[in-house]
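At position 133 of the sequence shown (counting the first as 1) the number is 235 in the numbering used here, and the numbers step up by one without a gap.
Idealized CB from N, CA, C, for every residue including glycine.
As the structure is a prediction and not an experimental result, all values here were calculated from the model.
Since the structure comes first, as structure tokens, the remarks are kept for the end.
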Amino acid sequence: MEQVCWTRRPLPTVSPGPLVTWEQELRTPIDLTVSRHHLRRMVHTRWLRHRAPVDVDGLLLVYEELTSNGLRHGRSPVHVRVTATGGGWLVDVIDAAVEQPPATAGDRDPADGGLGLPLVARLCRAHGWTVEDGRKHVWARVQAA
103 MEQVCWTRRP LPTVSPGPLV TWEQELRTPI DLTVSRHHLR RMVHTRWLRH RAPVDVDGLL
163 LVYEELTSNG LRHGRSPVHV RVTATGGGWL VDVIDAAVEQ PPATAGDRDP ADGGLGLPLV
223 ARLCRAHGWT VEDGRKHVWA RVQAA
């Protein structure tokens, strides 16, 4: 039996100013692998020069966990948006399965997966989900290092 582990909350507002946003559309697990490499390259070559240091591995872990959940449990296509904010990053995964809130695996054996959402919740200073314009947004804020 699944239990909801994330509270329904609106997307956080990001502070005004020049923001850097990176967006992708994903339909398959291969798209996730390719996009993760692109995000890593973007963070190292473009964003780290202009921002406070960030836990890049933590950002990529949050990105991969939320996006893989969107592909597995959401409705394709899955859109993902990563926005550099003054205090870190906002990862927003968007799909059309508005009736399917983010949920833990319940009593499933940890060897079979299901640890991603609790892990993201521990790594991030804020997380939640909401529905806007007929699309579900599952989001997390990753703090700068």
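Three-state secondary structure (DSSP) of residue i
| i | result |
| --- | --- |
| residue 186 | strand |
| residue 89 | Here the chain has residues from 103 to 247 only, and residue 89 is not among them. |
| residue 241 | strand |
| residue 109 | coil |
| residue 230 | strand |
| residue 121 | coil |
| residue 103 | Unreliable placement is indicated for residue 103, whose pLDDT of 40 sits below 50; no coordinate value is reported for it. |
| residue 141 | helix |
Integer Cβ distance of residue i from residue j, believed to fall under 8 Å
| i | j | result |
| --- | --- | --- |
| residue 164 | residue 242 | 5 Å |
| residue 109 | residue 190 | About 20 Å; that fails the 8 Å criterion. |
Counted within 10 angstroms of its Cβ, other Cβ atoms place residue i as buried (16 or more) or exposed
| i | result |
| --- | --- |
| residue 240 | buried |
| residue 117 | exposed |
| residue 197 | buried |
| residue 106 | Legend: pLDDT at residue 106 = 47, less than 50; position of this residue unreliable, value from coordinates given subsequently. Answer is exposed; the Cβ neighbour count stays below 16. |
| residue 204 | buried |
Alpha-carbon to alpha-carbon, residue j and residue i
| i | j | result |
| --- | --- | --- |
| residue 160 | residue 193 | 12 Å |
| residue 132 | residue 115 | 31 Å |
| residue 176 | residue 143 | 27 Å |
| residue 146 | residue 179 | 27 Å |
### Message
Three or more C-beta pairs under 8 Å: does that hold for the segment 166-184 against the segment 215-233?
### Response
With a cut-off of 8 Å, the segment 215-233 and the segment 166-184 count as touching, because enough Cβ pairs lie within range.
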